Amino acid sequence: MRLTRYFLPIIKETPSEAQIVSHRLMLRAGMIRQASAGIYSWLPLGYKVLRKIEEIVHQEQQAAGSIPVLMPTIQSADLWRQSGRYDDYGPEMLRIKDRHDRDMLYGPTNEEQITEIAAAGIRSYRDLPALLYHIQWKFRDEVRPRFGVMRGREFLMKDGYSFDIDKEGARHSYNRMFVSYLRTFERMGLKAVPMKADSGPIGGDMTHEFLILAETGESAVFLDRDLADLTLGDREIDWEDAAQLEGIVDQWTSSYARTDETHDAAVFEAQVSEERRVTARGIEVGHIFYFGSKYSEPLNAMVANAEGERVPLESGSYGIGVSRLAGAIIEASHDDNGIIWPEAVAPFEVAVINLKQGDEEADAACEDLYTKLTARGFDVIYDDRNERAGSKFATIDLIGVPWKLIVGPRGLKNGVVEMACRKTGEKQELAPDDAINRLADRFGRT
RNA sequence: CGGGCUAUAGCGCAGCUUGGUAGCGCGUUCGUCUGGGGGACGAAAGGUCGUAGGUUCAAAUCCUGCUAGCCCGACCA
């Protein structure tokens, strides 16, 4: 993409309404524009990031055996009356009426809908397990939306649901999602830590929140350093192997990790030696829980088991705050100059900066780099504006492009361009083609 | 939902106390000089002062209602 042809309304000064860094940077980088309280338009740059996040979630969900569907945003009140939540949900649910005066609602979540779908489509235990998910906009009429996309009223969420014949099956499904979440966040360059969540009225230990560690996080977290250092890395996962999944989940849940909600200082101190105690802040980006037959019973989602008895489906639900992640990643990764995108979600992977627009050689070298990088499959932004160098650096750093190829007459005289890393600030002079090859190696592009 | 605050040009703000021609910085447009980390000079465009009403010869300014947005707290992917 040539910057002169792109739509990138960046702003120099910080809008006054934005209090936290991700919100400020998203506005300044021209990623979003507020439509009303807690409701945002996603401008090209923001939309690109959102799509990349979404794509990673899609890939990891499907790798783990979950199947994509798409349920509507507008739902009928009927199902919610059956589950009893139409009254329970309260004013956070946006209620509307259609022209026939029927009660409708803008879905805050989809348990009822998916359970209805499962009930209609699953006839026997032989159809199980079933894991379905979608990525769809939700609306929760928050009393006080704030922090930009981190707590909007309208937000994009991946919500998945599992259906099994018994608790053992449900645990396997739960573990699939647990491991899938570890992979998903790791791929996005995030350090996400699963923490035991408040299980509420259902009880049990099958509920975890995934928090990414960021100084500006909304909740205090307490964890064992061993856990903070754990990574999945390249390990092969056999999603059908319940024992392997259980082993990984055990590995991640045996160390202490809790948010301020469930934190118990005495247990923390007893279980974790002093030098391993980490107190930090985190942002919740995922939440998984097992809820048994909470919805299948009232919605009559029954299925025949091997003995021919009709039993309620065993379910769990698994959420990832997709739009929130866009903000959360920035909270976890930025500096004074702007955003520092992890490569996997960067709106552009590499920027070509022409230091002297209009200089014949510089223009030609940039065009060549731009063409070649694009041909190699890179998402590249070419800053071809007739601006001074400083302005280009400021813009490219603000929008967080991981790699810069800096092209100017001086370097070209020696046959080199400069390759600079946004994250580390490291710079290196290379022949243009070597720079391309270096990037191709790094990104695994042939 | 309790408490606090704001609304004037795309963004950040001043003007309001004491009513009288709507201003500044950034950004934008044009020109010239420039050109390796938000450059300089010159010129220009851009505002029903959130909205409805009231007081007044006269309202951005005073009064009343309404609306929208923000912050702290309680609640949440």
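Residue 228 in the working numbering sits at position 221 of the first sequence; the count goes up by one each step and never skips.
Idealized CB from N, CA, C, for every residue including glycine.
Nothing here was measured: the structure is a model prediction, and the numbers come from that model.
Under the three-state reduction of DSSP output, SER187 falls in the helix class. The beta-carbon separation of ILE60 and LEU332, rounded to 5 Å, stays under the 8 Å limit for a contact. Shown here for TYR188: same chain residues with a beta carbon closer than 6 Å to its own, the five before and five after excluded, namely PHE217, GLY293 in chain order. Of the candidates PRO136, PHE298, GLN258, GLY37, GLN258 places its Cα closest to the Cα of PRO201. With distances taken between CA atoms, ARG178 lies nearest to ALA250 out of ASP205, LEU220, ALA250.
Per DSSP, the continuous beta strand (DSSP E) segment holding ASP166 begins and ends at 161-171. In this structure, GLU356 lies away from PHE400, with their beta-carbon atoms at least 8 Å apart.
The beta carbon of ARG147 lies closer than 7 Å to those of GLU99, PRO115, ARG160 in the same chain, with the five residues before and after it left out. About 16 Å separates the Cβ atoms of LEU220 and LYS203, ruling out a contact at the 8 Å cut-off. CA-to-CA, the gap between GLU268 and ALA227 works out to about 9 Å. Taking 8 Å as the cut-off, the beta carbon of GLU425 is found closer than this to the beta carbon of GLU436. Listed in chain order, the alpha helix (DSSP H) elements of length 4 or more contained wholly in the segment 231-262 are 232-236, 249-260. By the Cβ-count criterion, VAL285 is buried, with 16 or more other Cβ atoms from all chains shown falling within 10 Å of its own Cβ.
Judged by DSSP in its simplified three-state form, MET111 adopts strand.
Residue ranges of uninterrupted beta strand (DSSP E) with 3 or more members, entirely inside the segment 346-379 and ordered along the chain, are 357-361. Taking C-beta atoms as the reference points, ILE443 and LEU362 fail to come closer than 8 Å.
For TYR47, the closest of GLY415, ARG158, ALA264 by C-alpha to C-alpha distance is ARG158. For THR116, DSSP records no beta bridge to any residue.
Bridge pairing for PHE229: ARG265, THR286 [DSSP]. In the three-state reduction of the DSSP assignment, TYR47 falls in the strand class. Of all C-beta pairs linking the segment 75-94 to the segment 298-314, three or more are shorter than 8 Å, placing the two stretches in contact. Between the segment 100-112 and the segment 35-42, the count of Cβ pairs shorter than 8 Å is below three; the stretches do not touch.
Straight-line measurement puts the Cα of ILE124 at about 22 Å from the Cα of ALA313. The C-beta distance from GLY345 to ASP440 rounds to 29 Å, too long to fall under 8 Å, and the pair is not in contact.
Under DSSP, ALA137 forms a beta bridge with PHE170. Per DSSP, LYS420 is one residue of the alpha helix (DSSP H) stretching across 416-420. SER280 places its beta carbon 8 Å or farther from that of ASP233. In its chain, beyond the 5 residues on either side, PRO136, LEU138, SER169, ASP171, GLY323 have a beta carbon closer than 7 Å to the beta carbon of SER180. Closest in C-alpha terms to LEU50, from the list SER43, VAL76, ILE17, HIS65, comes ILE17. Excluding sequence positions up to five before and after GLU193, its CB lies within less than 7 Å of the CB of THR238, LEU239, all in the same chain and listed in chain order.
Take the alpha-carbon of HIS341 and the one of GLY334: they are about 11 Å apart. Excluding sequence positions up to five before and after GLN68, its CB lies within less than 6 Å of the CB of TYR140, all in the same chain and listed in chain order.
If you ignore the 5 residues before and after PRO22, its C-beta comes within less than 8 Å of the C-beta of ARG31, LEU34, ARG35, all in its own chain and listed in chain order. Remark: C-beta atoms of SER29 and GLY155 approach each other more closely than 8 Å.
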